[in-house]
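Novice: What follows is a structure written as structure tokens; I'll ask about it next.
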Amino acid sequence: MAKMSQRLGLTRYEADEQYKVALQAYEKKKMDEAILAMEQAIELLPSNAEYYAARGFFYLEDGVIDKAGEDFEQALTLHTYEPLAHYGRGMIAYNARNWDEALAHFNDAYRADPDRVETLYYLAIVHHHKQENELAAQIMTRAVAMMEKRGDKRQRDAERWIKEFEKLAAEQRQLPSGST
Numbered sequence: 008m009a010k011m012s013q014r015l016g017l018t019r020y021e022a023d024e025q026y027k028v029a030l031q032a033y034e035k036k037k038m039d040e041a042i043l044a045m046e047q048a049i050e051l052l053p054s055n056a057e058y059y060a061a062r063g064f065f066y067l068e069d070g071v072i073d074k075a076g077e078d079f080e081q082a083l084t085l086h087t088y089e090p091l092a093h094y095g096r097g098m099i100a101y102n103a104r105n106w107d108e109a110l111a112h113f114n115d116a117y118r119a120d121p122d123r124v125e126t127l128y129y130l131a132i133v134h135h136h137k138q139e140n141e142l143a144a145q146i147m148t149r150a151v152a153m154m155e156k157r158g159d160k161r162q163r164d165a166e167r168w169i170k171e172f173e174k175l176a177a178e179q180r181q182l183p184s185g186s187t
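Numbered by this note's numbering, the letters in the sequence shown go through residues 8 to 187 in order.
Below is the structure:
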């Protein structure tokens, strides 16, 4: 009977309904409810990488880093270019100040979903931490353009970063070659 339900798409429908419940709980900052609903969605449709990535993101937001990492890895096992899983892995690496790993995951997240402004924002910040301020300014400028189109309230913060990156890039160009 379960196979017939899956063939008719009923399991997918039920799983998506649980996903919606999880997103609503997340919007209300009810992480436990969001995680439980995602667990139900995963139980119904365990082959969906997006579900693992979403639960991982909820764990990340809730500060449960080990479970977040496990879910992101499972999502990437199921789908190599799951954008939220790469973004989440990038955030874990970013918070650990592992700039190279963060850069790799944010780049993969960007390639998988170039319309996610948060990815561009953190890509720019990581390049800044790697002393690549000119590139950081260019990337943050693209993020600001996206923010402007969307009326994103984080635009002012991003614009301040651009000024800082440009200032630091100018200083770097003034340094004799070989010194940092």
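Glycine is no exception: its CB is placed at the ideal position from the N, C-alpha and C atoms.
1. What ranges does the alpha helix (DSSP H) occupy inside the segment 72–112, keeping only unbroken runs of at least 4 residues that lie completely in it?
2. Using the rule of at least 16 other Cβ atoms within 10 Å of the residue's Cβ for burial, across every protein chain shown, is GLY97 buried or exposed?
3. Short check: CB of TYR101 to CB of VAL133, under 8 Å?
4. Which runs of the beta strand (DSSP E), 3 residues or longer, sit entirely within the segment 136–175?
5. Might you give, ordered along the chain, the residues of its own chain that have their beta carbon closer than 6 Å to the beta carbon of ARG118, omitting 5 neighbours on each side?
6. Any idea what DSSP makes of ASN114, helix, strand or coil?
7. Below 8 Å on the Cβ atoms is my contact criterion, and I expect THR18 with LEU52 to pass it. Report the Cβ-Cβ distance as a whole number of Å.
8. Just to confirm, is the Cβ distance from ALA48 to ALA22 under 8 Å?
9. Would you mind sorting PRO90 into buried or exposed? The rule is 16 or more other CB atoms within 10 Å of its CB.
10. If you drop the 5 nearest sequence neighbours on each side, which residues of the same chain put their C-beta closer than 6 Å to that of GLU173?
11. Going by C-alpha distance, which of ILE146, HIS135, VAL151 is nearest GLN179?
12. Given SER12, which residues of its chain have a CB within under 6 Å of its CB, disregarding the five upstream and five downstream residues?
13. Between ALA103, ASN105, ALA29, THR126, which lies nearest to ASN114 when the distance is taken from Cα to Cα?
Specialist: Considering the structure as presented:
1. Runs of the alpha helix (DSSP H) inside the segment 72–112: 72–85, 90–102.
2. On the sequence shown, residue 97 is found 90 positions in, with the first residue counted as 1. With 16 or more other Cβ atoms within 10 Å, it is buried.
3. Indexing the sequence shown from 1 puts residue 101 at position 94. Indexing the sequence shown from 1 puts residue 133 at position 126. Contact: yes.
4. Taking only runs of at least 3 residues, no beta strand (DSSP E) segment lies wholly in the segment 136–175.
5. Your numbering for residue 118 matches position 111 in the sequence shown. Correct list: empty, nothing qualifies.
6. Start at 1 with the first residue of the sequence shown, and residue 114 comes out as number 107. DSSP places ASN114 in helix when its eight states are reduced to three.
7. Residue 18 sits at position 11 when you count from the first residue of the sequence shown. Residue 52 sits at position 45 when you count from the first residue of the sequence shown. About 6 Å; that satisfies the 8 Å criterion.
8. Here residue 48 is taken as the residue at index 41 of the sequence shown, counted from 1. Here residue 22 is taken as the residue at index 15 of the sequence shown, counted from 1. A contact, by the Cβ cut-off of 8 Å.
9. Taking the sequence shown and counting its residues from 1, the one referred to as residue 90 is at position 83. By the neighbour-count rule (16 or more Cβ atoms within 10 Å), PRO90 is buried.
10. Counting from 1 along the sequence shown, the entry for residue 173 is found at position 166. So the qualifying residues of the chain are ALA144.
11. Position 172 of the sequence shown, counting from 1, holds the residue named residue 179. Nearest of ILE146, HIS135, VAL151 to GLN179, Cα basis: HIS135.
12. As a first step, residue 12 must be located in the sequence shown, where it is residue number 5. In this predicted model, SER12 has a pLDDT of only 45, less than 50, meaning its place in the structure is not dependable; the value taken from the coordinates is given anyway. Correct list, in chain order: THR18.
13. As a first step, residue 114 must be located in the sequence shown, where it is residue number 107. Minimum Cα distance to ASN114 is reached at THR126.
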